[in-house]
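The opening residue of the sequence shown carries number 3 in the working numbering; numbering runs sequentially from there.
These notes are about the structure you will find just below.
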Amino acid sequence: MSDRPEHIVIVGAGAAGLMAARVLARGGKRVTILEARERCGGRIHPLPAAKFGYPADLGAEFVHGEAPLTRRLAREAALTVRTIGGAQWSFDGTEFSRENRRDPYDEQLHAAVKDLTGDITVADFLRRHFAGPEYARLRHAVERMVEGYDAADPERASTLALRDEWMNDGHATQARIDGGYGGLVDFLAAECRRSGVAIHFSAVVTSIEQSGGKVAVRAAGETHGCDRVILTVPLPLLREIALPPAARAKAAASDDIGFGSVIKILLRFTRPWWREQRQDLSDMLFLLSDATIPVWWTRQPDQHPVLTGWFGGPRTAELSHLDPQGLIGIGIDSLAAIFGLSREDIAREVVAAAAANWAHDPFARGAYEPRGARASRARRRPCAVFRRGALSRSRHGNGGGCPRERNGDCGNDLAGMRKKARISAGLLSHQRPPPKLNVTPGPPP
Ligand SMILES: Cc1cc2nc3c(=O)[nH]c(=O)nc-3n(C[C@H](O)[C@H](O)[C@H](O)COP(=O)(O)OP(=O)(O)OC[C@H]3O[C@@H](n4cnc5c(N)ncnc54)[C@H](O)[C@@H]3O)c2cc1C
Numbered sequence: 003m004s005d006r007p008e009h010i011v012i013v014g015a016g017a018a019g020l021m022a023a024r025v026l027a028r029g030g031k032r033v034t035i036l037e038a039r040e041r042c043g044g045r046i047h048p049l050p051a052a053k054f055g056y057p058a059d060l061g062a063e064f065v066h067g068e069a070p071l072t073r074r075l076a077r078e079a080a081l082t083v084r085t086i087g088g089a090q091w092s093f094d095g096t097e098f099s100r101e102n103r104r105d106p107y108d109e110q111l112h113a114a115v116k117d118l119t120g121d122i123t124v125a126d127f128l129r130r131h132f133a134g135p136e137y138a139r140l141r142h143a144v145e146r147m148v149e150g151y152d153a154a155d156p157e158r159a160s161t162l163a164l165r166d167e168w169m170n171d172g173h174a175t176q177a178r179i180d181g182g183y184g185g186l187v188d189f190l191a192a193e194c195r196r197s198g199v200a201i202h203f204s205a206v207v208t209s210i211e212q213s214g215g216k217v218a219v220r221a222a223g224e225t226h227g228c229d230r231v232i233l234t235v236p237l238p239l240l241r242e243i244a245l246p247p248a249a250r251a252k253a254a255a256s257d258d259i260g261f262g263s264v265i266k267i268l269l270r271f272t273r274p275w276w277r278e279q280r281q282d283l284s285d286m287l288f289l290l291s292d293a294t295i296p297v298w299w300t301r302q303p304d305q306h307p308v309l310t311g312w313f314g315g316p317r318t319a320e321l322s323h324l325d326p327q328g329l330i331g332i333g334i335d336s337l338a339a340i341f342g343l344s345r346e347d348i349a350r351e352v353v354a355a356a357a358a359n360w361a362h363d364p365f366a367r368g369a370y371e372p373r374g375a376r377a378s379r380a381r382r383r384p385c386a387v388f389r390r391g392a393l394s395r396s397r398h399g400n401g402g403g404c405p406r407e408r409n410g411d412c413g414n415d416l417a418g419m420r421k422k423a424r425i426s427a428g429l430l431s432h433q434r435p436p437p438k439l440n441v442t443p444g445p446p447p
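Okay, structure coming up:
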């Protein structure tokens, strides 16, 4: 028996990879992280504080619900998680309204989802139970929620998987980390380095091979020999890494999981002109409309004059030809349409802008996994541990390795990562998107 510590290679230095590395290095393992980008964080992507007046997030921004693990980690990192409040407004093409109305068919929706015994897609569910013209507003709200929030296609998304979210009716708390998610990533990366973890950047892993009881990970012309490998890459990238046949067969479970897309646009203005335009918008957190970029939010309760635009789901493909500059233009057009101003009026106020279509990001190829019927099926399969000699089932084979915080209504990006590290599993994940808005009162994203 060798005293040599087990050497574990982790592919990806996002939240999952860093969290896994920290736990394993603390447990006495030798850990190497291979990261394709030149930074840690992956889909957590802080922008320079000087650009927006605070460390804005081009990727993950909100802490959803209780998120106990994320909050515990933030405490450890001495970061404050601040609950956000504010009103949800909508613009129907003519009028602005504060979203405090409940849909008259709310109860019916809840009863229908509660009574479901088998799973059907959201589109089938609406066709079966809410086909009439009187339900048009409800249908619109539900479809927009599934597309915008879950980045999913209603024709594929699972009604059962979304049931809890609907029943919860958007009442989970939303919070932000002071200083953004980047603070957590910096903390984790520093902890990893302190524990001796080697982090290699610009190391795009292309293949993992097994032979003669050895594992070889190939990245950027180099070969890293090790005892085990943990893959934390987003699903589209997982499909591109050459794996030994047995591992590929296990990873095939992930082929059933979709990966939704999101466009996020940040615009910093000279002043909060929307509040000057309409004083009643002074408490606005979210603004929903049918504009091309349908969801906008403020920094409420902070006063930074920044509006963030959000467009998620399959319809983002319609804008796939646009680069970040084109997306910024569409964002400005959308605000001009909503507020009845000219494009020039709005553009004149912009002092900084950033945009990303995450489907174009070469190391993400999308935003996150929607909860779909197929995803549910895949989650029921065992998580896989890839190690020298064999693939074995994790002892949390019922999906315990999926990084969702298991407190009912929250599934945070950092959630479950520690669990994931403990069980050395990283193939299946289900991660949580942006802010949650009410399902039925008004058209949510
Ligand atoms: C726009 C947007 C907004 C979001 N908003 C929220 C939010 O408000 N709240 C929330 O909880 N979640 C949100 N999310 C989801 C959250 O960002 C993710 O769930 C989380 O960051 C995923 O962490 P991860 O480590 O699993 O994956 P990633 O962060 O994607 O990390 C994987 C890493 O693997 C690297 N990699 C990929 N391929 C290779 C390869 N071949 N070789 C080596 N390295 C590779 C990548 O570069 C990356 O660094 C959002 C996501 C997006 C895109």
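A virtual CB, placed ideally from N, CA and C, is assigned to each residue, including glycine.
Look at the alpha carbon of residue i and the alpha carbon of residue j, and state the distance between them as a whole number of angstroms.
i, j, result
"C412", "W298", "Model confidence at C412 stands at a pLDDT of 26, short of 50, so the residue's coordinates are unreliable and nothing is read from them."
"R367", "P236", "8 Å"
"S291", "E193", "43 Å"
"R424", "A22", "Because R424 sits at a pLDDT of 34, beneath the cut-off of 50, its placement in the model cannot be relied upon, and the following sentence gives the value as read from the coordinates. The straight-line gap from Cα to Cα measures roughly 7 Å."
"V11", "R350", "49 Å"
"E101", "Q90", "5 Å"
"A51", "D59", "10 Å"
"R146", "V219", "42 Å"
"N409", "R165", "Its pLDDT being 29, under 50, N409 is placed unreliably by the model, and the measurement read from it follows with that caveat. The alpha-carbon atoms of N409 and R165 are separated by roughly 15 Å."
"V115", "G227", "50 Å"
"A76", "Q176", "15 Å"
"E242", "S209", "9 Å"
"G88", "E371", "28 Å"
"V83", "T161", "31 Å"
"E63", "G185", "12 Å"
"R315", "Y151", "In the sequence on display, residue 315 carries Gly and not Arg. Straight-line Cα distance between these residues: approximately 8 Å."
"G181", "D325", "27 Å"
"N359", "R74", "31 Å"
"K53", "S336", "22 Å"
"Y183", "A354", "20 Å"
"V124", "A159", "6 Å"
"E136", "S256", "39 Å"
"S213", "A244", "14 Å"
"L143", "E40", "Position check: residue 143 holds Ala in this sequence, whereas Leu was assumed. Going by the C-alpha atoms only, they are around 40 Å apart."
"D188", "P48", "11 Å"
"C42", "A138", "44 Å"
For the beta strand (DSSP E) containing residue i, name the first residue and the last one.
i, result
"L290", "286-290"
"C42", "C42 -> no beta strand (DSSP E), and no H or E assigned at all."
"E211", "207-213"
"A76", "That residue, A76, is in no beta strand (DSSP E); its alpha helix (DSSP H) goes 70-78."
"R28", "Counting along the chain, R28 falls outside any beta strand (DSSP E), though it belongs to the alpha helix (DSSP H) covering 17-28."
"A479", "Since the first and last residues shown for the chain are 3 and 447, residue 479 lies out of range."
"K216", "216-221"
"K266", "264-271"
Taking its Cβ as the centre, do 16 or more other Cβ atoms sit within 10 Å of residue i, making it buried, or is it exposed?
i, result
"T96", "exposed"
"A38", "buried"
"A253", "buried"
"V207", "buried"
"K31", "buried"
"D282", "exposed"
"T119", "exposed"
"T318", "buried"
"R196", "exposed"
"E167", "buried"
"A154", "buried"
"A113", "exposed"
"H85", "The question names His, but residue 85 is Thr in the sequence shown. T85 should be labelled exposed."
"D363", "buried"
"G16", "buried"
"T34", "buried"
"E109", "exposed"
"G2", "Residue 2 cannot be examined here, being either before or after the span of the chain that is shown, 3 to 447."
"T234", "buried"
"A249", "buried"
"T300", "buried"
For the alpha helix (DSSP H) that residue i lies in, which residues bound it at each end?
i, result
"R196", "184-196"
"V115", "108-116"
"H131", "124-131"
"W276", "275-279"
"G342", "Note, G342: premise wrong, no alpha helix (DSSP H); not H, not E."
"V144", "138-150"
"L237", "237-240"
"A255", "First-last for A255: undefined, no H or E at that position."
Tell me whether residue i counts as near ligand 3, meaning its Cβ is closer than 7 Å to at least one heavy atom of that ligand.
i, result
"I232", "The model on display carries ligand 1 but not ligand 3."
Is the segment 264-277 touching the segment 309-325 in the sense that three or more CB pairs, one from each, lie closer than 8 Å?
yes
Quick check: the segment 118-132 against the segment 341-355, are there 3 or more CB pairs under 8 Å?
no
Please confirm if the segment 329-342 is in contact with the segment 187-201, defined as three or more CB-CB distances below 8 Å between the two stretches.
no
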